[in-house]
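Numbering (the UniProt record's numbering), first residue to last: 1 to 267.
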């Protein structure tokens, strides 16, 4: 019997929800059916909402425009992103010399750091650069790390859902660099505990008053539970039954999609 499907949901009396974006509210350029209406019902029910994302290819401004274009009524101030967490961390260090392994316009969010090439960097900031990854680039990163540079991973997701199907994410590359150098990456996004602590401060709520809603049983549900939040898994986006069944993480609840969330919470 599938433990994911058969597990009885635990009572969740949340005052706030931390909701993943990609895979929960949309996939690619397509909104999940009923997502906008569900957000409206959750807000009408008095829940505090924040939106947590590991997306590393869009600046905060571009991500916000995308959400509005998909018909999702979300304010930019409600978005908590892994690149944002990385930027805040680096700004606390002053003006560190960083190699930004990032694509798209997300680099515009890192104006406060000094961008240098890999061979001059004190910090290597890894995000998704798609087909630009190759052995030569990884070896340059490896060599710099062996000379003392620090590894910062925007996230370490294993895979993600696109409109064309599942794609390998950067987690495997982060793990390869960790294995070869013996250095542990500082992970900025989910499932890092600090990421969830930032979200809780933004919401002015305690961990046991918030539920994390996501399609990633490891980063979303497992990360949230480790930080003291309830974890609600949705069967959209990257969710795959066999993968979820094999995971050691057990969600507090499972719903078919965000469309079912208000009803599940009694709203």
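Don't be surprised by glycine CBs; every beta carbon is placed ideally from N, CA and C.
With distance defined between alpha-carbon atoms, name the residue in the options nearest to residue i.
i, options, result
"residue 14", "34, 223, 248 and 210", "210"
"residue 195", "153, 163, 173 and 159", "153"
"residue 22", "188, 57 and 249", "57"
"residue 173", "161, 166 and 157", "157"
"residue 109", "116, 91, 123 and 117", "91"
"residue 159", "251, 262, 240 and 117", "240"
"residue 83", "67, 103 and 134", "103"
"residue 29", "53, 145, 67 and 51", "67"
"residue 12", "259, 106 and 47", "47"
"residue 224", "257, 204, 189 and 258", "189"
"residue 202", "24, 169 and 51", "51"
"residue 127", "119, 107, 113 and 111", "107"
"residue 123", "171, 185 and 247", "185"
Please work out which residues of its chain come closer than 7 Å, Cβ to Cβ, to residue i, disregarding the five sequence neighbours upstream and downstream, and give them in chain order.
i, result
"residue 264", "253 and 255"
"residue 193", "226 and 227"
"residue 208", "228"
Is the beta carbon of residue i sitting closer than 8 Å to the one on residue j?
i, j, result
"residue 187", "residue 215", "no"
"residue 137", "residue 177", "no"
"residue 286", "residue 93", "Because the chain spans 1 through 267 in this model, residue 286 falls outside it and cannot be assessed."
Compute the Euclidean distance between the alpha carbons of residue i and residue j, then round it to the nearest angstrom.
i, j, result
"residue 95", "residue 163", "38 Å"
"residue 117", "residue 99", "5 Å"
"residue 218", "residue 206", "21 Å"
"residue 237", "residue 31", "11 Å"
"residue 19", "residue 266", "17 Å"
"residue 142", "residue 180", "7 Å"
"residue 243", "residue 133", "26 Å"
"residue 182", "residue 146", "9 Å"
"residue 260", "residue 221", "17 Å"
"residue 287", "residue 144", "The question about residue 287 has no answer, for the chain in this structure spans 1 to 267."
"residue 49", "residue 16", "6 Å"
"residue 251", "residue 115", "40 Å"
"residue 120", "residue 139", "15 Å"
Residues in its own chain within less than 8 Å of residue i by CB, not counting five upstream and five downstream?
i, result
"residue 262", "38, 41, 42 and 45"
Short of 6 Å in beta carbon distance, which residues of its chain neighbour residue i, apart from the five on each side in sequence? Order them along the chain.
i, result
"residue 105", "59 and 62"
Within 8 Å, do at least three Cβ pairs link the region 63-75 to the region 29-36?
yes
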